[in-house]
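Chemist: Taken in sequence, the protein lines are chains H and U.
Taking this note's numbering, the leading residue of the first sequence gets 1, the next gets one more, and so forth.
Taking this note's numbering, the leading residue of the second sequence gets 194, the next gets one more, and so forth.
2 protein chains.
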Amino acid sequence: MHESLIKYIERHSTTPLSERDISSIKEAFIPKKIRKRQYFLQAGEVCKYMAFIVKGAMRQYSVDDKGAEHMVRLSIEGWWAGDRESFTMLTPTIYNIDAWEESEVLIITKADMNQLTSIPAMSEMARQLDNNHAFALQKRVHSSISDPIEKRYADLAKTYPQLLERFPQHLIASYLGVTKETLSRVRHNLVKK
Amino acid sequence: MHESLIKYIERHSTTPLSERDISSIKEAFIPKKIRKRQYFLQAGEVCKYMAFIVKGAMRQYSVDDKGAEHMVRLSIEGWWAGDRESFTMLTPTIYNIDAWEESEVLIITKADMNQLTSIPAMSEMARQLDNNHAFALQKRVHSSISDPIEKRYADLAKTYPQLLERFPQHLIASYLGVTKETLSRVRHNLVKK
DNA sequence: TTAATTCGTTGACAAATGTCAACGTTCTTT
DNA sequence: AAAGAACGTTGACATTTGTCAACGAATTAA
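1) Could you tell me which residues DSSP pairs with U/Leu234 in its beta bridges?
2) So which of U/Ser336, U/Thr284, U/Ile300, U/Met315 has the shortest CA-CA distance to U/Met194?
3) If you measure beta-carbon to beta-carbon, which residues of the segment 319 to 338 of chain U are closer than 7 Å to chain H?
4) What in chain U is Cβ-close to H/Arg152, meaning under 7 Å?
5) For a test of the three-state rule: what should DSSP assign to H/Ala57, helix, strand or coil?
6) Taking contact to mean at least 3 C-beta pairs separated by less than 8 Å, is the segment 266 to 283 of chain U in contact with the segment 230 to 244 of chain U?
7) List the residues of chain H whose Cβ lies closer than 8 Å to the Cβ of U/Val265, in chain order.
8) Residue range of the alpha helix (DSSP H) that H/Met228 falls in?
9) Should U/Tyr346 be labelled buried (16 or more other beta-carbon atoms within 10 Å of its own) or exposed?
10) Quick check on U/Lys373: does DSSP put it in helix, strand or coil?
11) Around the Cβ of U/Asn307, are there at least 16 other Cβ atoms within 10 angstroms (buried) or fewer (exposed)?
12) Could you have a look at U/Glu262 and say whether DSSP puts it in helix, strand or coil?
13) Would DSSP call U/Pro209 helix, strand or coil?
14) If you run the structure through DSSP and keep just helix, strand and coil, what is H/Met50?
15) Any idea what DSSP makes of U/Leu283, helix, strand or coil?
16) Along the chain, which unbroken stretches of the alpha helix (DSSP H) at least 4 residues long are found entirely within the segment 325 to 366 of chain U?
17) Could you check which residue in H/Thr15, H/Gln42, H/Pro161, H/Val72 has the C-alpha nearest to that of H/Val141?
18) For U/Glu270, does the three-state DSSP call read helix, strand or coil?
19) Let me see if you follow: with CB-CB separation under 8 Å, is U/Asp470 close to chain H or not?
20) If we ignore side chains and look at the alpha-carbon of each, how far apart do H/Glu77 and H/Trp100 end up?
21) In the DSSP assignment, find the beta strand (DSSP E) that holds U/Ile227 and state where it starts and stops.
22) Using a Cβ-Cβ cut-off of 8 Å, state whether U/Arg252 counts as contacting chain H.
23) Give me the Cα-Cα distance between U/Thr352 and U/Ala236, rounded to the nearest whole angstrom.
24) Here's the rule: buried if 16 or more other CB atoms are within 10 angstroms of the residue's CB, otherwise exposed. What is H/Asp21?
25) Rounded to whole angstroms, how far is the Cβ of H/Ala81 from the Cβ of H/Phe135, which I believe are closer than 8 Å?
26) If H/Asp98 and H/Arg187 are in contact, beta carbons under 8 Å, what's the gap, nearest whole angstrom?
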C-alpha cells in the first residue's frame, strides 16, 4: 500500500530513506478507501488531511450560486489531493473534493506532516512539491490570459494525456473554463487541421 | 534604503532579527535603481535576482508571436519582482520584467538567499511568502474559470485598489485577460448598477 | 434484459468579446 | 509652447462563446 508513496518520495528527493524513516512514514500516512462520488472534503470544512492518491481519480471543484461546478484540479494516482490553503492556514475551504473513480489514498495530518519534516528526504520532497505546484499554477494563469482555448486544450492534452483518458470531457471543459459544447467544437476543429 | 525590507521581514515572521541578522541582510540585498521602461529581466535570460521593491511599480509579462503583451503580474513597493521558476530552477524565463515607474529595488542572488536561510525570521518569511504566492495564484486560477469579468474586475478593485491607481487600464485589462475595450465597457456597466 | 442516466455532439439563436477605426483628453518630450 | 505619444472611450461589425434543446451512443443501475 505504501510502496508507491515511498517511491514517490525517493523520486522527489536526493537523500535516501532509512528503514526507520520508512516506518515513520508508514505510521503517519493512513490508508483510506474512497468510494466513487464520496467526498474527501466539503466546502465549509477545514482540510484536515492531505491525500496521496495510490489508485483512482479525484476532482477538486467549487459550486457557484447557480449550482454549477468549476473544476480547479483533476488528479490521479501519484498525485496529491487536498486544499493547500485550508490545510496550512486552518481556514474553511471553498472547495469540494470527491472521488471520480473508486480510489485508495494515504492521508496525513498537518501535525504528522510537520513531524516528518525531520526526515531530510521528506522536507526536500515537500519543498519540491510546493515549487512544482506553484510553477504549474503560474503556467495555468499565464495560459488563461494569453492563449486561445485551442492552445489551452492542446497543451493540456500534451502535458497530461492521462487526464483526458480518465475524466469525461465536460469535466475537462470545466477545468479549462469553457462549456462542454465549446470544448466539443474546439476538438472538432482541431481534428480538421 | 533597507528599512522597508527589514520591516517587511519582521512583519512576515515571528522571531525577531538580531543586529547581526540585520547587517547580514543589508549585505546580501544590493540596492538598485531601475529607470522607467528599463528591463529588470528579459525573456530568454535566467532570472539571477529576486527584487524587493522599495519604491516604484513593475510589471511582468510575456510577448506573443503577434507582439501582444500579456501581464502576469503587476507589483508595487512592498512586493517582490522576479520569475520564481527561472530563479529556483535556473532555467531561461519566458517573461519580461520592467519598471513601469521609476523604481528602487533591493536585489539578491539565489546563493545569498540560501545563506540567509540560517536566519530563522528569514526562512519563516520566505515560507510564508511562498505560501501566500501560491494561494494568490490558486485564487486567480479559480476566478479565471469561475467568474465573469465584472466580478474579476470588482474583486481586483477591492483586493488591490492600489494597482488600479498605479497602472493604466490597458495593463489591468491584460492582467485580467481581456482587451482594453471590453474592460472599458465592463467598467461603464458597473457604474450604471 | 430493460430502463435510466451519463456523455458527447449538433443546430439555432442570444450574448459576450474581439477587432478596427476614430476621437478627445491627458501626459511627455522636444 | 508646440508636437507627439499614450490613454480611455465609443461605434460598427465580425467572431467567439454561451444557452437551450434535441439526439444517439455508451454506460450504469434496476
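In this text, a Cβ means the ideal position worked out from N, Cα and C, and glycines have one as well.
Modeler: Checking against the coordinates, here is how it stands:
1) Within the second sequence, numbered from 1, the residue matching residue 234 of chain U stands at position 41. Paired residues: U/Ile290.
2) One-based indexing of the second sequence puts residue 194 of chain U at position 1. Answer by Cα proximity: U/Ile300.
3) Asp323, Asn324, His326, Ala327, Phe328, Leu330, Gln331, Arg333, Val334, His335, Ser337, Ile338
4) Working through the first sequence from its first residue, we reach residue 152 of chain H at position 152. The contacting residues do not exist; H/Arg152 stays about 11 Å from chain U at best.
5) The residue labelled residue 57 of chain H in the question sits at position 57 within the first sequence. Reduced to three states, the DSSP call for H/Ala57 is strand.
6) yes
7) Taking the first residue of the second sequence as position 1, residue 265 of chain U is located at position 72. Gln138, Val141, His142, Ile145, listed in chain order.
8) Nothing can be reported for residue 228 of chain H: it is not among the residues displayed for chain H, which extend from 1 to 193.
9) As a working mapping, residue 346 of chain U is identified with position 153 in the second sequence. U/Tyr346 comes out buried.
10) Locating residue 373 of chain U in the second sequence gives position 180, counting from the first residue. Of the three classes helix, strand and coil, the one that applies to U/Lys373 here is helix, per DSSP.
11) Counting from one through the second sequence, the residue named residue 307 of chain U turns up at place 114. It is exposed - the Cβ of U/Asn307 has fewer than 16 other Cβ atoms within 10 Å.
12) Residue numbering aside, residue 262 of chain U sits at position 69 when the second sequence is read from its first letter. Looking at U/Glu262 - three-state DSSP - the assignment turns out to be strand.
13) The residue given as residue 209 of chain U occupies position 16 in the second sequence. In the structure shown, U/Pro209 sits in coil (DSSP, three-state: anything other than H, G, I, E or B).
14) Numbered from 1 along the first sequence, position 50 holds the residue referred to as residue 50 of chain H. In this structure, H/Met50 counts as strand in the three-state DSSP scheme.
15) On the second sequence, position 90 is the one that residue 283 of chain U refers to. Residue state, collapsed to three classes: coil.
16) Unbroken alpha helix (DSSP H) stretches of 4 residues or longer found wholly inside the segment 325 to 366 of chain U: 342 to 352, 354 to 359, given in chain order.
17) On the first sequence, position 141 is the one that residue 141 of chain H refers to. From the listed residues H/Thr15, H/Gln42, H/Pro161, H/Val72, the smallest Cα separation to H/Val141 is found for H/Val72.
18) Within the second sequence, numbered from 1, the residue matching residue 270 of chain U stands at position 77. Three-state result, U/Glu270: coil.
19) Absent from the model: residue 470 of chain U. The displayed extent of chain U is 194 to 386, so no value can be given.
20) As a working mapping, residue 77 of chain H is identified with position 77 in the first sequence. As a working mapping, residue 100 of chain H is identified with position 100 in the first sequence. Each residue's alpha carbon lies about 12 Å from the other.
21) Position 34 of the second sequence, counting from 1, holds the residue named residue 227 of chain U. Residues 223 to 227.
22) Your numbering for residue 252 of chain U matches position 59 in the second sequence. So no, U/Arg252 is outside the interface.
23) By one-based count along the second sequence, residue 352 of chain U stands at place 159. By one-based count along the second sequence, residue 236 of chain U stands at place 43. Approximately 29 Å, taken between the alpha carbons.
24) If you number the first sequence from 1, residue 21 of chain H lands on position 21. By the neighbour-count rule (16 or more Cβ atoms within 10 Å), H/Asp21 is buried.
25) The residue you call residue 81 of chain H lines up with position 81 of the first sequence. The residue you call residue 135 of chain H lines up with position 135 of the first sequence. Actually they are not in contact, since the Cβ atoms of H/Ala81 and H/Phe135 sit about 19 Å apart, beyond 8 Å.
26) As a working note, residue 98 of chain H is residue 98 in the first sequence. As a working note, residue 187 of chain H is residue 187 in the first sequence. Between H/Arg187 and H/Asp98 the Cβ distance is about 26 Å, and since that is not below 8 Å, they are no contact.
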